[in-house]
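Let me begin by presenting the structure, written as structure tokens, before commenting on it.
There are 2 protein chains.
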Amino acid sequence: MSIYFAPYKDMLFVMRELAGLDKVSALPGFEDATPDTVEVILDEAGKFATEVLAPINASGDEEGARWADKAVTMPKGFKEAYQQFVEAGWNGVACNPEHGGQGLPKLVAAAVQETWKSSNMAFSLCPLLTLGAIEALELYGSPEQKDMYLPNMIQGTWTGTMNLTEPQAGSDLAAVRTRAVPQADGTYRVFGQKIFITYGDHDMAENIVHLVLARLPDAPEGVKGISLFVVPKFMVNADGSLGERNDAYCVSIEHKLGIHASPTCVMAFGDNGGAKGFLVGKENEGLKYMFVMMNAARYAVGLEGLAIGERAYQKAVAYARERVQGRAIEGSPAPVAIVRHPDIRRMLMVMRSSVEAMRGLAYTVAAAHDAAVRHPDPEERKRNQAFVDLMIPVVKGWLTETGNEIAYLGVQVHGGMGFVEETGAAQFMRDARITTIYEGTTGIQANDLIGRKIAREGGATLKAVIGLIHGTLAEVQKQSGADFAAIGSALGRGVAAITEAGTYIATQYGQDVRAVAVGAVPFLRLMGIVCGGWQMARAALVAQEKIAAGDTDPFYPAKIATARFFADHVMAAASGLAQVVTQGGASALALHEEMF
Amino acid sequence: MSIYFAPYKDMLFVMRELAGLDKVSALPGFEDATPDTVEVILDEAGKFATEVLAPINASGDEEGARWADKAVTMPKGFKEAYQQFVEAGWNGVACNPEHGGQGLPKLVAAAVQETWKSSNMAFSLCPLLTLGAIEALELYGSPEQKDMYLPNMIQGTWTGTMNLTEPQAGSDLAAVRTRAVPQADGTYRVFGQKIFITYGDHDMAENIVHLVLARLPDAPEGVKGISLFVVPKFMVNADGSLGERNDAYCVSIEHKLGIHASPTCVMAFGDNGGAKGFLVGKENEGLKYMFVMMNAARYAVGLEGLAIGERAYQKAVAYARERVQGRAIEGSPAPVAIVRHPDIRRMLMVMRSSVEAMRGLAYTVAAAHDAAVRHPDPEERKRNQAFVDLMIPVVKGWLTETGNEIAYLGVQVHGGMGFVEETGAAQFMRDARITTIYEGTTGIQANDLIGRKIAREGGATLKAVIGLIHGTLAEVQKQSGADFAAIGSALGRGVAAITEAGTYIATQYGQDVRAVAVGAVPFLRLMGIVCGGWQMARAALVAQEKIAAGDTDPFYPAKIATARFFADHVMAAASGLAQVVTQGGASALALHEEMF
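If you read the protein sequences in the order shown, they are chains A and Y.
Just so it is clear: in the first sequence, position 39 is 39 by this note's numbering, and no numbers are missing.
Counting from 1 along the second sequence, just add 1000 to a position and that's the residue number in this note's numbering.
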């Protein structure tokens, strides 16, 4: 089994040169996040991932989380690793210092979280959900709720969950049926069953803070009648100590394709008289709160696509360099390592260039998020927020689909050994498979992208992004040589493709929404490869500048080569995708439902 | 769990209208395979698949084959199903009547085998390997070997295996080390370990006939020193009864991502003094024999891609029609079945149209195989054989890659339930994953396609195929209406793409083989979608003819709609792939190996 190492060099390059770490550090409140400090943090994060999280990834997959007597036992080593995680203070990296967090920028948190997700995706889901619950309480909790829950949650001694899904209410939360009955003391009793609750129960923390969507007795039907409740596993006494066990139990866990170590729970609330719950924010506003949090959760799941792609790439490279099989196609005196074979090389380059493009896009969006929250100029905040809003579905949808493709290629590079579970390549493929589904499927991301993010505003933000890409393109066209010619050609075709497809969507959405929606996922994919290619082009420009300035680090020519490969191989699909978006609506809908 | 039903209507349509069943039936020796008889056979095959094989597919996956004391126990129900399979005579459908086979055309056998592979891929691997071993003995066995082994193998009471791979000899058989030591009586003692031996041991049949690649003591190095031996599990006495246990044992089985019910064995030959073996054919000709058989095996694995795609499609359709979630995007008074959502519809159409295109191509190649073997005119035999040789890597490579994509989409259509193993959609994805690897990876197929099948003959057969596609294109262009306009446009761009890319390969292969080989897999994919689209266009033309003749079967307009979708959505990738082939060589090879 190859070992995971955090790709520091590329992480730091992307943070500094593409995402603008120096500008992020200059934002009010982020003064401590100097490039030097960030380097130290990243170094520590990488060590933690390599030394603590990676070693229990395969064993956690094999053993899996186990359920008995309404409680979950984690696989060997997870409890201890989580303890170390809490002690090292990793959980609160980006949380509010007011409640004990370190208040680092999202850009830094993204890089740190990438290392958790690469080294042990199943483990990383526990903090992912805790951070979502923290955000909900930060934004909408009462001062008392914040004081009661946030310090422990930010420290990580208590974890959090998000209880949305019910059997009849998956993507469609309007169908939620869980009930909350008001009590005389101002609390509520919650009754209902939730499914697919990540880390709904486990033995790594003292307490679990469940956030639960439920309906009040007099609530209106549909999405306008959903409220948010906090339902702790153990009640919290006034002095902060833990009290009685609440009536919220994990009654079974799912047997899943991947992330075996992450318990996916069926949660029963109120089977024994009612789970004590407390309203968060206002009645019937629960869905709105969830939507606000969702951007963060979707971004975090997008990072999983990047992270699992990085891990699968590292493993494939290690195998390809070590495995000797067959002569070189041009002839060789002896068998060669398979990295020499052109198709293996092509696969590795698809994996590598896609990972770098994903990282470029993801970190850039994180930096925009930081500016959207912290920039002193309201116009800048607004502009950055619009960029983030447009890009979140791309980050979630494109990174996760691409992560799956990379994990698939990772198995392929391993040949027959890839199909053998002990090799470990198959786990990445199995783990990755959930990422295009949870926190909203790729189809839902794509509908959000074309509907709320493009059509609703007539494509204004998209046009701004197209303008930015044209700016990069103009820089690329000033360079000489075959590499920049190829990058420029692909970026030019790419930006033309998103312009054509985006215009079609913005103008036709109101005319024939069904036909336009057929092209939603192809458009999301198109946006991903063009915006990813845009970041790669920016990276190549920076590399060229460094080379011109006399820097001899081989990292820079390699970056240009990878950007060129991405342009030649990945961006080549752009024109075809635009054609699917603009011309593919009718034929997808031609068959009557009965004909399937 | 949805039930598998053989897609009779499409199977028969493709056999009759695209593959030319009537012409196949007219070949010498196939007179009994009348369209009516074929319909009855297919009907029975479908029933067998639905009633006997499908019910033990999920349970077989969950239980898996088990190993203990050097022997494999199959999952519950497999032994009984295999017994029924043998009794019904399915094993020998396409085998030589001289030894008890039914001698049906490969076209008919392909359709029958599709039903086994769809309903239970893990089960179907047992006859797949037996048929490979039968073919080897038919072609190269001595008359005594044929008499001794073939009747029982064709009946299926004995099964067969192919023992090629060793730890250091996967794709590269030159590295085989297993030894065969000649004995005074003209037999051999075989010593060595083989890995990845499908059904190397099991409890479904009386005897197992291992075909083993090994080296004689004085054999030259490399591929020219490999001989083929038959090594039965139980020795066969002169009267045909079974004798002593041979020294060939399964010493462990692999823990795999999929096909859990198919035992993948590590076989130890000669750990206790030597496994008795008998030379097949001539010394040092083993690899040649394997290559001849390989076309059949590669075709059969290609069919697995089609079959698992069909199964995944059926299951996704069943779920999409039943699962109610969310309102229609254009508005609806109540939540709707998800088949109504445009992106679900798009995914189902990708799955359906790809399956139909794969079937069109696979069956057409099977019919060409029949003509290549049986046609009275030697020129016709030669022409058909050249077509088959060109298309085998496309059938193996494209169908299996596409089968994986379809199984992946099948999980996506199921949303969160797709990630839960009990749903069954994930099994298809796990099972499909081996198909792009065994019997030669996609990379190996693609190298065979561009090297042996195109460059070596200057692209002559490819040019002939391009001529045939132009013929279909001319017919399409004579039709009126938007559907045929779109189909013609896509087919025109597609044939231009394979012409451009094929010319590049034929002319540049000798100049810069490494750069050309970078485009091997993209070219294989391009060939797949264009040749698949060609078959869909042919299907649409037949459908149009039927409609014009007054046939009101909704199957025909649906076929045109599906062909149009394939043209709009799948073939749209053609130009981009041609660009990758012709321009992507340099950048894939730019990085030095050390930079990975």
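Think of the CB as a built atom: it goes at the ideal place given N, C-alpha and C, for glycine as much as any other residue.
**Prompt:** Under 9 Å between C-beta atoms, does S480(A) make it to chain Y?
**Reply:** Counted from its first residue, the first sequence places residue 480(A) at position 480. It does not; no Cβ of chain Y falls within 9 Å.
**Message:** Report the start-end ranges of each beta strand (DSSP E) in the region 187 to 259 of chain A that is 3 residues or longer and not cut off at the edges.
**Reply:** 188 to 198, 207 to 214, 227 to 232, 234 to 236, 242 to 245 and 248 to 253
**Message:** Taking the straight line between their C-alpha atoms, what separation do you get for A1548(Y) and A1485(Y)?
**Reply:** Within the second sequence, residue 1548(Y) is the residue found at index 548, counting from 1. Within the second sequence, residue 1485(Y) is the residue found at index 485, counting from 1. Taking C-alpha positions only, A1548(Y) is separated from A1485(Y) by approximately 17 Å.
**Request:** Would you check if the distance between the CB atom of S124(A) and the CB atom of A362(A) is smaller than 9 Å?
**Result:** Position 124 of the first sequence, counted from the start, is the residue given in the question as residue 124(A). Position 362 of the first sequence, counted from the start, is the residue given in the question as residue 362(A). Contact flag unset, no.
**Prompt:** What residues are listed by DSSP as bridge partners for G160(A)?
**Reply:** Indexing the first sequence from 1 puts residue 160(A) at position 160. V209(A).
**Request:** Mind checking the region 1236 to 1255 of chain Y against chain A and listing, in chain order, the residues whose C-beta falls within less than 8 Å of any C-beta there?
**Result:** Interface annotation for the region 1236 to 1255 of chain Y against chain A: E1254 and H1255, criterion Cβ-Cβ distance under 8 Å.
**Message:** So, with DSSP's three-state summary, where would you put E1098(Y)?
**Reply:** Residue numbering aside, residue 1098(Y) sits at position 98 when the second sequence is read from its first letter. Three-state DSSP puts E1098(Y) in a helix.
**N246(A) classed as buried or exposed, judged by whether at least 16 other C-beta atoms fall within 10 angstroms** = Here residue 246(A) corresponds to residue number 246 of the first sequence, with the count starting at 1. It is buried - the Cβ of N246(A) has at least 16 other Cβ atoms within 10 Å.
**Where L591(A) sits in the DSSP three-state scheme** = Counted from its first residue, the first sequence places residue 591(A) at position 591. Note: L591(A) maps to coil in three-state DSSP.
**Request:** Output the distance between the C-alpha atoms of I392(A) and V1465(Y), rounded to the nearest integer angstrom.
**Result:** If you number the first sequence from 1, residue 392(A) lands on position 392. If you number the second sequence from 1, residue 1465(Y) lands on position 465. About 46 Å.
**Prompt:** When the Cα atoms are used, what is the spatial distance from E1221(Y) to A1174(Y)?
**Reply:** Residue mapping note: residue 1221(Y) aligns to position 221 of the second sequence, counting from 1. Residue mapping note: residue 1174(Y) aligns to position 174 of the second sequence, counting from 1. Between E1221(Y) and A1174(Y), the C-alpha separation is close to 8 Å.
**Asked** Applying a beta-carbon distance threshold of less than 8 Å, which residues of chain Y neighbour P625(A)?
**Response** Shown here, chain A extends from 1 to 596; a query on residue 625(A) therefore has no answer.
**Message:** Rounded to the nearest angstrom, what separates I434(A) and Y408(A) at their Cα positions?
**Reply:** Taking the first sequence and counting its residues from 1, one reaches residue 434(A) at position 434. Taking the first sequence and counting its residues from 1, one reaches residue 408(A) at position 408. Going from the Cα of I434(A) to the Cα of Y408(A) covers about 14 Å.
**Prompt:** Given a threshold of 16 other Cβ atoms within 10 Å of its Cβ, counted over all protein chains shown, does S1059(Y) qualify as buried or as exposed?
**Reply:** The residue you call residue 1059(Y) lines up with position 59 of the second sequence. The residue is exposed, with fewer than 16 neighbouring Cβ atoms inside 10 Å.
**Request:** Look up G277(A) in the DSSP assignment and give the residues it is bridged to.
**Result:** For this step, residue 277(A) is matched to residue 277 along the first sequence. Y188(A).
**Listed by chain order, chain A residues near M1358(Y) by CB distance under 7 Å** = Here residue 1358(Y) refers to the residue found at position 358 when the second sequence is read from its first residue. Near M1358(Y) there are no residues of chain A at all, since even the closest Cβ is about 18 Å away, more than 7 Å.
**Item:** Bridge partner(s) assigned by DSSP for T1073(Y)
**Value:** Numbered from 1 along the second sequence, position 73 holds the residue referred to as residue 1073(Y). Note: T1073(Y) sits in a beta bridge opposite R1066(Y).
**Prompt:** What residues in the region 489 to 507 of chain A have a beta carbon less than 8 Å from any beta carbon of chain Y?
**Reply:** If the cut-off is 8 Å between Cβ atoms, the region 489 to 507 of chain A has nothing near chain Y.
**Spatial distance of T1507(Y) from L1526(Y) (CA atoms)** = To locate residue 1507(Y), count along the second sequence from 1; it is residue 507. To locate residue 1526(Y), count along the second sequence from 1; it is residue 526. The alpha-carbon atoms of T1507(Y) and L1526(Y) are separated by roughly 18 Å.
**Request:** Compare the Cα-Cα distances from A136(A) to each of A590(A), A81(A) and M153(A) and report the closest residue.
**Result:** Counting from one through the first sequence, the residue named residue 136(A) turns up at place 136. When each option's Cα is compared against that of A136(A), the closest is M153(A).
**Request:** Could you work out which residues of chain A lie near N1447(Y), taking near to mean beta carbons separated by less than 8 Å?
**Result:** Residue 1447(Y) sits at position 447 when you count from the first residue of the second sequence. Those are I329 and D343, listed as they occur along chain A.
**Item:** Beta-carbon gap between T1157(Y) and A1205(Y) smaller than 9 Å
**Value:** Here residue 1157(Y) is taken as the residue at index 157 of the second sequence, counted from 1. Here residue 1205(Y) is taken as the residue at index 205 of the second sequence, counted from 1. Closer than 9 Å, so yes.
**Asked** What are the boundary residues of the beta strand (DSSP E) that A180(A) is part of?
**Response** Here residue 180(A) refers to the residue found at position 180 of the first sequence. Start and end: R179 to P182.
**Message:** What would DSSP say about F269(A), mapped onto helix, strand or coil?
**Reply:** Along the first sequence, one-based indexing puts residue 269(A) at 269. In the structure shown, F269(A) sits in a strand (DSSP, three-state: E or B).
**Nonlocal neighbours in the same chain, by C-beta distance under 8 Å from Y966(Y), ignoring five residues either side** = Residue numbering for chain Y in the displayed model covers 1001 to 1596; residue 966(Y) lies beyond these limits and cannot be assessed.
**Message:** Quick check on Q1412(Y) - is its C-beta less than 9 Å from some C-beta in chain A?
**Reply:** Here residue 1412(Y) refers to the residue found at position 412 when the second sequence is read from its first residue. Q1412(Y) counts as touching chain A.
**Unbroken alpha helix (DSSP H) run spanning E1044(Y), endpoints** = Within the second sequence, the letter at position 44 stands for residue 1044(Y). Run containing E1044(Y): P1035 to F1048, per the alpha helix (DSSP H) assignment.
**Inter-residue Cα distance where the pair is I437(A) and N1096(Y)** = On the first sequence, residue 437(A) is found 437 positions in, with the first residue counted as 1. On the second sequence, residue 1096(Y) is found 96 positions in, with the first residue counted as 1. Near 49 Å, if we compare the C-alpha coordinates of N1096(Y) and I437(A).
**Request:** Let me know the alpha helix (DSSP H) ranges lying completely inside the region 305 to 381 of chain A, each 4 residues or longer, listed in chain order.
**Result:** The qualifying runs are 342 to 374.
**Request:** Please look up how many angstroms separate the CB atoms of G1397(Y) and L1524(Y), rounded, as I've assumed it's under 8 Å.
**Result:** Reading the second sequence from its first residue, position 397 is the one you call residue 1397(Y). Reading the second sequence from its first residue, position 524 is the one you call residue 1524(Y). Under the criterion of beta carbons closer than 8 Å, G1397(Y) and L1524(Y) qualify as touching, at roughly 5 Å.
**Item:** Contact under 9 Å by Cβ, T159(A) with I197(A)
**Value:** Position 159 of the first sequence, counted from the first residue, corresponds to residue 159(A). Position 197 of the first sequence, counted from the first residue, corresponds to residue 197(A). The answer is no: Cβ separation not under 9 Å.
**Asked** If we count the other Cβ atoms within 10 Å of its Cβ and call it buried at 16 or more, is D343(A) buried or exposed?
**Response** Within the first sequence, the letter at position 343 stands for residue 343(A). Answer is buried; the Cβ neighbour count reaches 16.
**Any 3 or more C-beta pairs closer than 8 Å across the region 1040 to 1052 of chain Y and the region 1104 to 1124 of chain Y** = yes
**Asked** Just to confirm, are V38(A) and L21(A) a CB contact at a threshold of 9 Å?
**Response** Within the first sequence, the letter at position 38 stands for residue 38(A). Within the first sequence, the letter at position 21 stands for residue 21(A). With respect to L21(A), V38(A) sits close: the two C-beta atoms are nearer than 9 Å.
**Asked** Grouping DSSP H, G and I as helix and E and B as strand, with all else coil, what is P1114(Y)?
**Response** Here residue 1114(Y) refers to the residue found at position 114 of the second sequence. Strictly speaking, residue 1114(Y) in this sequence is Glu, with Pro absent from that position. Of the three classes helix, strand and coil, the one that applies to E1114(Y) here is helix, per DSSP.
**Check whether A1563(Y) and V1530(Y) have beta carbons under 9 Å apart** = Taking the second sequence and counting its residues from 1, one reaches residue 1563(Y) at position 563. Taking the second sequence and counting its residues from 1, one reaches residue 1530(Y) at position 530. In this structure, V1530(Y) does not lie closer than 9 Å to A1563(Y) by Cβ.
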